Amino acid sequence: MSEALTPTAQQTLFTDARTHNGWLATPVSDDTLHEIYDLMKWGPTSANCSPARMVFVRSAAGKEKLRPALSSGNLEKTMTAPVTAIVAWDSEFYERLPELFPHGDARSWFTSSPALAEETAFRNSAMQAAYLIFACRALGLDTGPMSGFDREKIDAAFFTGSTLKSNLLINIGYGDASKLYGRLPRLSFSDACGLA
């Protein structure tokens, strides 16, 4: 299985990919959203817990529900994005573990510790958000992940009466390269990594 991706594929997923703030008026179809999910769902999570749940906001009415929760810096780029994914986590993700992890009683690992369940759901849904970004890039789309929003307002607008809690937002579409900021630096290996 471990065949290295071509340099071109590595560029698509990492080195040439950018966080977009402006969007072309090209729609993203529901079929494409299904393709994105069908790729990202294969990314690994702890005990295959798969706690992420997504709402793909693409209608004018849906965007208006988002508007009051957005920070001023994220307002225009979100309202003009073809799709905004609300990546949430299911606080009762463990109820699906008998199906998702049939090898043992993984459900009991989390029902006995609410703190562990919350930490696991939040961490793994964040990983799944990263898989969503890479799935979008693999299918030729651009993304703009962000955390500048009022979580309580998002949860009240989209998840009232459910076990879901928002984690982050990801704008999805075909980016307008004319609205990109200059490429920002990254930390070097020696600044970010250690060897033990």
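Last residue of the sequence shown: 196 (UniProt numbering), numbering continuous.
The C-beta atom is built at its ideal place from N, Cα and C for all residues, glycine as well.
These numbers come from a predicted model, not from an experiment.
* Inter-stretch contact at 8 Å, needing at least 3 Cβ pairs: the stretch 135-145 / the stretch 47-55 -> Using a C-beta cut-off of 8 Å, the stretch 135-145 makes no contact with the stretch 47-55, since fewer than three inter-stretch Cβ pairs fall below that distance.
* Asked: By a C-beta neighbour count over all protein chains shown, 10 Å radius and 16 as the cutoff for buried, is Ser-125 buried or exposed?
  -> buried
* Quick one: complete alpha helix (DSSP H) runs, 4+ long, within the UniProt domain "Nitroreductase" (24-174)? -> 30-40, 60-66, 72-80, 97-100, 107-111, 114-138 and 151-158
* Which two residues bound the contiguous alpha helix (DSSP H) that contains Phe-189? -> The continuous alpha helix (DSSP H) containing Phe-189 extends over residues 189-192.
* In the structure shown, what three-state DSSP assignment does Thr-19 receive? -> strand
* Asked: Where does the unbroken alpha helix (DSSP H) through Thr-8 begin, and where does it stop?
  -> Segment 7-10, the alpha helix (DSSP H) holding Thr-8.
* Asked: Which word fits Ser-68, buried or exposed, when buried means at least 16 other C-beta atoms lie within 10 angstroms of its C-beta?
  -> As written in the sequence, residue 68 is Pro, which differs from the Ser given in the question. Counting Cβ neighbours within 10 Å, Pro-68 comes out exposed, since fewer than 16 surround it.
* Asked: To which residues of the same chain is Leu-164 closer than 6 Å at the C-beta, ignoring the five residues directly before and after it?
  -> Arg-53, Ala-88 and Asp-90
* Can you have a look at Asp-16 and say buried or exposed, based on whether 16 or more other CB atoms are within 10 angstroms of its CB? => exposed
* Asked: CB Lys-65 to CB Phe-149, shorter than 8 Å?
  -> Their beta carbons are not under 8 Å apart, which means Lys-65 does not touch Phe-149 by this criterion.
* **Between the CA atoms of Asn-74 and Glu-119 - distance to the nearest angstrom** => 27 Å
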